[in-house]
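Chemist: Let me begin by handing over the structure; questions about it come next.
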Amino acid sequence: MFPFSNSKKKKVIGLPYDPALDVWAVGCTLYELYTGKILFPGKNNNHMLKLFMEVRGKMSHKMIKKGEFGAMHFDENFNFISKEIDKFTQKEILKKIPISKPVRELSTLLAPNSKMNEEEKTSLKNFVDLLEKCFSLNPEKRITPREALAHPFLLKQKPKQN
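The numbering of the sequence shown is our numbering, which starts it at 59 and goes up by one.
Below you can see the structure in the form of C-alpha cells.
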C-alpha cells in the first residue's frame with residue numbers, strides 16, 4: 059500500500075515519506091499477522107485518515123497545517139471532513155466530524171472477549187503498547203526501529219523449541 063523508498067512522494071495528508079512510515083507499515087503488518095484482519099482498510103486517503111483517527115485520536119493542528127492536503131480533509135477549525143457516498147443518491151456528501159479521542163481501542167480490537175492468564179495479559183499489554191508507538195500520528199514522535207527492537211514485547215518473545 060505504501061512505497062518505502064521514494065521520499066519525494068506524498069500521500070494521505072500530504073507529508074513526505076520518511077523511515078517512520080516503515081515503522082507504521084510494520085505495525086500494520088504485526089496487527090494483521092496477529093488478527094488476520096486489516097486494521098485500516100480505507101478506500102481512499104480521506105477514508106484512511108478517518109480510520110487512523112478512530113484508532114489514534116485527532117491529528118495535531120500542526121500536522122494538518124504542515125500537510126499539503128490538510129485543507130482537503132479538515133475545515134478551518136480543524137474538524138475532519140468525511141467524504142461519503144449517499145446510499146440513495148450515490149452522490150458524494152461531506153460530513154464534519156469533530157474528532158478528539160480514539161473511538162476504537164487497540165486492546166479491544168486485539169482481544170475483545172478472550173480469557174487470558176497473567177502472562178498472556180502482560181504480553182498483550184506490551185503488544186498494544188508497541189503498536190500504539192508504531193501508530194503515533196506524528197512521525198517525529200513514532201517509535202524508531204532501534205527503540206522497537208528494545209521494546210519489552212519483542213524482548214520477551216522467545217522462539218519455541220521443537
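Ideal Cβ positions, reconstructed from N, Cα and C, are used throughout, including at glycine. Just so it is clear, the structure is predicted and the values come from calculations on it, not from any experiment.
Compute the Euclidean distance between the alpha carbons of S158 and K69, then round it to the nearest angstrom.
Modeler: S158 and K69: Cα-Cα distance of roughly 23 Å.
Chemist: Excluding the 5 residues preceding and the 5 following G72 in the sequence, name in chain order all residues of the same chain whose CB lies nearer than 7 Å to its CB.
Modeler: Correct list, in chain order: G125, E126, F127 and G128.
Chemist: Considering only the alpha carbon of each residue, which of K116, N104 and F98 lies closest to N196?
Modeler: Closest option to N196, Cα to Cα, is K116.
Chemist: What residue range is occupied by the uninterrupted alpha helix (DSSP H) comprising L88?
Modeler: P77 to T93 is the extent of the alpha helix (DSSP H) around L88.
Chemist: How far does the alpha helix (DSSP H) with F185 in it reach, from first residue to last?
Modeler: Where F185 is concerned, the enclosing alpha helix (DSSP H) stretches over E176 to C192.
Chemist: Contact between the region 143-155 and the region 163-171 is defined here as three or more beta-carbon pairs at a separation below 8 Å; is this criterion met?
Modeler: No, the region 143-155 does not touch the region 163-171.
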